[in-house]
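Participant: Under full-length UniProt numbering, think of the first position of the sequence shown as 4, with each following residue one higher. Pasting a structure here, questions to come.
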Amino acid sequence: HGTSTINDKGHLQIGGVDTTALAAEFGTPLYVYDEALIRQRCREFVAAFRAAGVKYQVAYASKAFCVKAMCRLVEEEGLALDVVSDGELYTALEAGFPPQRIHFHGNNKTPHEIEMALDAGIGCFVVDNFVELHVLNALALDKGVKANVLFRVTPGVEAHTHDYISTGQEDSKFGFDLQNGAAFRALQEAKELKQLELLGLHSHIGSQIFEVEGFRMAAERVAQFYARVRDELGLTFPVMNLGGGFGIRYTEEHKPLPVGDYVKAIVDAVKKQFASYTYPMPEIWIEPGRSIVGDAGTTLYTIGTMKDIPGIRKYVAVDGGMTDNPRPALYEAKYEAMLANRAREANEETVSIAGKCCETGDMLIWDLELPEARVGDILAVSCTGAYNYAMASNYNRIRRPAVVFVQAGRSDLVVKRESYGNLVENDVIPARLARGAQ
Ligand code: LLP
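Okay, here's the thing in structure tokens:
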């Protein structure tokens with residue numbers, strides 16, 4: 004998919020660059036991003052909204068992969084950016100991302116984070132709860148500024164995805180409940196808060212979702228609520244944000260629709276509701292993360308040791324693991340992989356890909372078909388662009404890998420591999436523990 008091909012040496016090539024050459028130049032593990040594919044996904048979302056003929060904003064959910072070069076790419080593509088922490092906000096600002104196009108999310112924004120965002124002049128806060136509502140108003144008052152706000156609501160839609168990433172149901176830490184009156188009360192209170200400019204509601208039902216039905220139901224429920232709020236509170240909102248969560252194909256069990264189909268289903272549902280109550284059609288905002296970067300990322304590893312347990316299983320270990328991709332251990336996520344240096348060879352054996360961390364759960368792929376793997380082969384795991392680098396850790400004091408963007412036959416380093424120095428730079432030895440202190 005994307006710009007991936009097999010070149011005449013039988014090597015996997017991405018963005019016109021031989022992946023074995025990338026492994027040799029930058030070392031492994033290495034995250035490789037197909038820049039053209041990221042841009043294509045951004046454009047697919049935009050094209051779908053244009054075709055639907057509505058006002059829109061597509062915000063890239065930076066939590067999926069937030070580094071400065073990615074912020075630049077998103078800006079070039081004309082998207083907005085969703086951040087959920089001071090760290091993501093800082094990264095975006097450092098990249099020079101226009102603050103007016105930044106949305107701030109999160110269920111526990113600290114006063115410090117809110118002040119930082121107000122000082123930067125970000126485009127909108129997605130307010131999650133009553134505490135935040137009042138803290139935001141007070142801090143904005145202190146600074147003599149107004150804050151644009153959306154209200155995160157839980158529409159009571161159960162999305163079919165992993166429990167840890169499903170967010171639309173009533174029992175969730177996120178947002179104001181639409182059905183038990185919390186959302187209505189939040190708006191009643193907000194109406195009196197003079198520093199807040201109320202843009203509308205926000206709903207995000209979960210992540211890695213395939214059916215359009217959940218999005219349609221959420222859109223309908225939120226739209227119905229707009230009518231009620233207008234009738235009972237006299238508030239008319241210019242924006243409706245329906246979140247992200249569009250699924251991608253990690254393995255053949257996943258059957259995502261083209262991204263435009265999700266957009267169309269959402270827009271149609273909103274249009275239909277609004278047509279029935281003569282309400283000016285709000286702008287529709289969405290915030291996809293995974294579907295923009297997920298399948299554009301590939302992780303390259305070098306195969307090291309092997310352990311064959313006759314009649315049971317053969318373990319093939321790579322030089323990374325749960326530190327660069329915790330998703331299999333966390334969510335039992337499935338991935339596909341191939342030998343990048345022997346891409347045309349037929350599969351001969353079934354192996355399980357183990358990481359190098361000191362724990363049994365550090366497995367990347369169970370029962371993978373491969374040519375007979377040899378020490379030094381380069382394993383390419385696909386669809387690692389979302390929530391891999393973003394969730395990487397230094398467990399076992401393993402250094403985070405480098406990240407490269409490839410396009411048009413060239414590669415550009417966008418994140419350096421961590422150094423040993425990086426690992427210890429924040430460590431402090433108290434004087435009483437210094438060598439020879441006695
Ligand atoms: N908007 C909100 C409010 C969100 O909470 C999320 C994801 C998104 C947008 C973007 O969702 P996406 O389009 O990427 O599905 N670490 C997990 C995924 C957690 C998603 C958290 N929120 C994973 O690796 O699967």
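Note that CB positions come from ideal geometry on N, CA and C, so glycine has one too. Here the structure is a predicted model, which is why all the values come from computation and not from measurement.
Is A222 a contact residue of the ligand LLP, with contact defined as CB to any heavy atom under 6 Å?
Facilitator: Flag unset: Cβ of A222 not near the ligand LLP.
Participant: Quick check: what's the CA-CA separation for M341 versus T305?
Facilitator: 12 Å
Participant: Which whole runs of the beta strand (DSSP E) in the segment 264-345 are 3 residues long or more, in chain order?
Facilitator: 286-289, 300-312, 316-321, 340-342
Participant: Apply the 10 Å Cβ neighbour rule to R224 and answer buried if 16 or more other Cβ atoms are within range, or exposed otherwise.
Facilitator: Counting Cβ neighbours within 10 Å, R224 comes out buried, since at least 16 surround it.
Participant: Relative to the C-alpha of V407, which candidate in V378, I401, T302, P433 has its C-alpha closest?
Facilitator: Distance check between V407 and each of V378, I401, T302, P433 places T302 closest, using alpha-carbon atoms only.
Participant: Is any non-hydrogen atom of the ligand LLP found closer than 6 Å to the C-beta of Y390, if you look at the structure I gave you?
Facilitator: yes
Participant: From N399 to L367, what does the alpha carbon distance come to, in whole angstroms?
Facilitator: 17 Å
Participant: When the Cα of G323 is compared with those of D21, F68, Y34, which residue comes out closest?
Facilitator: Among D21, F68, Y34, the Cα nearest to that of G323 is on Y34.
Participant: Can you give me the Cβ contacts of S294 inside the same chain, cut-off strictly under 6 Å, excluding the 5 residues immediately before and after it?
Facilitator: F249, I251, V262
Participant: Tell me R413's beta-bridge partners as DSSP assigns them.
Facilitator: DSSP, once it has assigned bridges, lists Q410 as partnering R413.
Participant: Find out if the Cβ-Cβ distance for the pair A221, Q276 is shorter than 7 Å.
Facilitator: Against a cut-off of 7 Å, the Cβ pair of Q276 and A221 comes out as no contact.
Participant: Within the continuous alpha helix (DSSP H) that includes M220, where are the two ends?
Facilitator: 215-236
Participant: Using only the heavy atoms of the ligand LLP, determine whether one of them is closer than 6 Å to the beta carbon of S279.
Facilitator: no
Participant: Using CA coordinates, which residue listed in A346, D365, D370 is at the minimum distance from residue 3?
Facilitator: Any answer about residue 3 is impossible in this case: the structure gives the chain only from 4 up to 441.
Participant: In the structure shown, what three-state DSSP assignment does Y63 receive?
Facilitator: strand
Participant: Whose C-beta lies closer than 8 Å to the C-beta of P331 among residues of the same chain, with five residues either side of it excluded?
Facilitator: M325, K337, Y338, M366, L367, I368
Participant: Hey, is E256 close to the ligand LLP, as in C-beta under 6 Å from one of its heavy atoms?
Facilitator: no
Participant: Mind checking whether the beta-carbon of E290 lies closer than 6 Å to any heavy atom of the ligand NAD?
Facilitator: Although the ligand NAD was asked about, the structure shown includes only the ligand LLP as ligands.
Participant: Name the DSSP bridge partner or partners of I212?
Facilitator: F249
Participant: Would you mind stating whether D145 and E116 have Cβ atoms separated by less than 7 Å?
Facilitator: Cβ atoms of D145 and E116: not closer than 7 Å.
Participant: Given 6 Å as the limit, tell me if A64 has its C-beta closer than that to any heavy atom belonging to the ligand LLP.
Facilitator: The closest heavy atom of the ligand LLP lies less than 6 Å from the beta carbon of A64.
Participant: Would you call the segment 284-299 and the segment 310-323 in contact, with 3 or more CB pairs under 8 Å?
Facilitator: no
Participant: Determine the DSSP secondary structure at N110, reduced to helix, strand or coil.
Facilitator: coil
Participant: For the pair the segment 262-272 and the segment 78-89, tell me if three or more CB-CB distances fall below 8 Å.
Facilitator: no
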